[in-house]
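Trainee: First to last, the sequence lines map onto chains P and U.
Every number in my numbering is 2 more than the matching position in the first sequence, counting from 1.
Every number in my numbering is 2 more than the matching position in the second sequence, counting from 1.
Protein chains: 2
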Amino acid sequence: MPSRQQRKGFDKERDLVLRLWSYGFAAMRAPASGARAKRIFYPDVLAAYRGRIFVFEVKYRSEPGPIYIEASKVEKLRDFAQRAGAEPMIAVKYGRSEWRLIPLDECPSTGSSIRVDPKLVEEKGVSLSEFVSRVKGQRSILEYTG
Amino acid sequence: MPSRQQRKGFDKERDLVLRLWSYGFAAMRAPASGARAKRIFYPDVLAAYRGRIFVFEVKYRSEPGPIYIEASKVEKLRDFAQRAGAEPMIAVKYGRSEWRLIPLDECPSTGSSIRVDPKLVEEKGVSLSEFVSRVKGQRSILEYTG
Chain P
3 MPSRQQRKGF DKERDLVLRL WSYGFAAMRA PASGARAKRI FYPDVLAAYR
53 GRIFVFEVKY RSEPGPIYIE ASKVEKLRDF AQRAGAEPMI AVKYGRSEWR
103 LIPLDECPST GSSIRVDPKL VEEKGVSLSE FVSRVKGQRS ILEYTG
Chain U
3 MPSRQQRKGF DKERDLVLRL WSYGFAAMRA PASGARAKRI FYPDVLAAYR
53 GRIFVFEVKY RSEPGPIYIE ASKVEKLRDF AQRAGAEPMI AVKYGRSEWR
103 LIPLDECPST GSSIRVDPKL VEEKGVSLSE FVSRVKGQRS ILEYTG
């Protein structure tokens, strides 16, 4: 049985998937982590739009604060992304605030892990709608009309 | 709790994922169908190799025989594939024989479903190694050396 913490994780991943779907993307959650922990690594969420692929490590915290992701997990995410031809990203949600998406390469490493803190999320993270606009290549249109 | 039938399905999907992975692909199984049956459709397996994406409906039968896939499911697979820019496929395994992969468009429709039978699998299905060679664009090399 999944723990309450795991359930919360699933719910957030599901929320991200549904939002990406509503923007016209295909999106998919990974199977429960019981299987994941064994031989196979899956990203928390994979999304694709007309041949462009993104893989996400999804992090939810009820309060803003630093988030650490182990180097071994980061390595697996990178490996998956490289095989797929995907762009690895971190999706962060603090409490009820909006999703912020950060390219993995923007996150500084502390050696044994990477560190994502509220300042980085603020400075380097983009909202879902901004992300979608960039992927769809409509950014300039939005800049003129928005 | 998943049924014995479902478990068998997971095991086969997992087998396909591991084999694709061993060929250098990124591959991912969908979450258990409890969640899948609700608001979100996921393909059984998604695989990607350097920007090329495939989504699979996975079918295992202990004995060769016709397999029917409902039109509504086919429609959802097509929709997912179109959003993603992916190629929709059926992956069939009869008993202990090898996986055969068939592009969805090769499968005839009966109106309410599509039909995959052993003759079609034999004629239009390709083995995993052949599929991988085609995707990696090494087919001509294999033809000369093999």
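Idealized CB from N, CA, C, for every residue including glycine.
Computed from a predicted model, the values in this text were never measured in an experiment.
#1: Pick from P:R85, P:V123, P:S135 and P:P90: whose alpha carbon is nearest that of I69 of chain P?
#2: Give the DSSP-derived three-state secondary structure of A73 of chain U in the structure shown.
#3: Once the 5 residues before and after W23 of chain P are set aside, which same chain residues still bring their CB inside 7 Å of it?
#4: If you scan the stretch 11-95 of chain U from start to end, which runs of the beta strand (DSSP E) of 3 or more residues do you find wholly inside it?
#5: Express the C-alpha separation of F56 of chain P and L48 of chain U in angstroms, rounding to a whole number.
#6: Do P66 of chain P and F58 of chain P come within 7 Å of each other at the CB atom, strictly closer than that value?
#7: Would you list the residues sitting across from S115 of chain U in a DSSP beta bridge?
#8: With A130 of chain P and R21 of chain P assumed to form a contact (beta carbons below 8 Å), what rounded beta-carbon distance in angstroms separates them?
#9: Quick check on the burial criterion: 16 or more other C-beta atoms within 10 angstroms. Buried or exposed for R136 of chain U?
#10: Which of the three DSSP states, helix, strand or coil, is assigned to P110 of chain U?
#11: Below 8 Å on the Cβ atoms is my guess for L18 of chain U versus V60 of chain U; work out the distance and round it to an integer in Å.
#12: By Cβ distance, which residues of its chain are closer than 6 Å to F133 of chain U, with the 5 residues on each side in sequence left out?
#13: How would you write the range of the beta strand (DSSP E) that R98 of chain P sits in, first residue to last?
#14: Could you pull out every residue in the same chain whose Cβ sits closer than 6 Å to the Cβ of S114 of chain U, ignoring the five residues on either side in sequence?
#15: Mind reading off the beta-carbon distance from R85 of chain P to G139 of chain U? Whole number of angstroms is fine, and I expect it under 8 Å.
#16: Check whether chain U comes within 7 Å of F82 of chain P, counting only Cβ atoms and requiring the distance to be less than that.
#17: Leaving out the 5 sequence neighbours to the left and right, which residues in its chain are closer than 6 Å to A83 of chain P when beta-carbon positions are compared?
#18: For the stretch 24-55 of chain P, enumerate the residues whose C-beta is nearer than 8 Å to any C-beta of chain U, in chain order.
#19: Since E1 of chain U and K95 of chain U should fall inside the 8 Å C-beta cutoff, what is the C-beta to C-beta distance between them, to a whole number of angstroms?
#20: My understanding is that K78 of chain U touches F43 of chain U, with C-beta atoms under 8 Å, so please give their C-beta distance in whole angstroms.
#21: Looking only at its chain, what residues have a beta carbon closer than 6 Å to the beta carbon of F64 of chain P, apart from the 5 residues adjacent to it on each side?
#22: What's the gap between the Cα of G87 of chain U and the Cα of P120 of chain U?
#23: Residues of the stretch 78-104 of chain P in Cβ contact with chain U at a cutoff of 9 Å, in chain order, please.
#24: Taking buried to mean at least 16 other C-beta atoms within 10 Å of its own C-beta, is R16 of chain P buried or exposed?
#25: Taking the Cβ atom as the reference point for each residue, do I92 of chain U and V128 of chain U lie within a distance shorter than 7 Å?
#26: Tell me the rounded alpha-carbon separation between S111 of chain U and T112 of chain P.
#27: Look at the alpha carbon of A32 of chain U and the alpha carbon of I71 of chain P, and state the distance between them as a whole number of angstroms.
Mentor: The short version:
#1: P:V123
#2: helix
#3: A29
#4: 28-31, 47-51, 54-63 and 69-72
#5: 13 Å
#6: no
#7: U:E72
#8: Looking at the sequence itself, residue 130 of chain P is Leu, so the reference to Ala does not match. Right, their Cβ atoms sit about 6 Å apart.
#9: exposed
#10: coil
#11: 6 Å
#12: L103
#13: Element bounds for R98 of chain P: n/a, residue is neither H nor E.
#14: A73
#15: In fact, because the Cβ distance is near 16 Å, the residues do not count as touching under 8 Å.
#16: yes
#17: V57 and P90
#18: G26, F27, A28, M30, R31, A32, P33, A34, A37, R41, I42, Y44, P45, L48, A50, Y51, R52, G53, R54 and I55
#19: Outside the modelled stretch of chain U, which goes from 3 to 148, sits residue 1 of chain U, for which no answer is possible.
#20: 4 Å
#21: Residue identity differs from the one stated: residue 64 of chain P is Ser in this sequence, not Phe. So the list reads G97, once near-sequence residues are dropped.
#22: 29 Å
#23: D81, F82, A83, Q84, R85, A86, G87 and A88
#24: buried
#25: no
#26: 55 Å
#27: 24 Å
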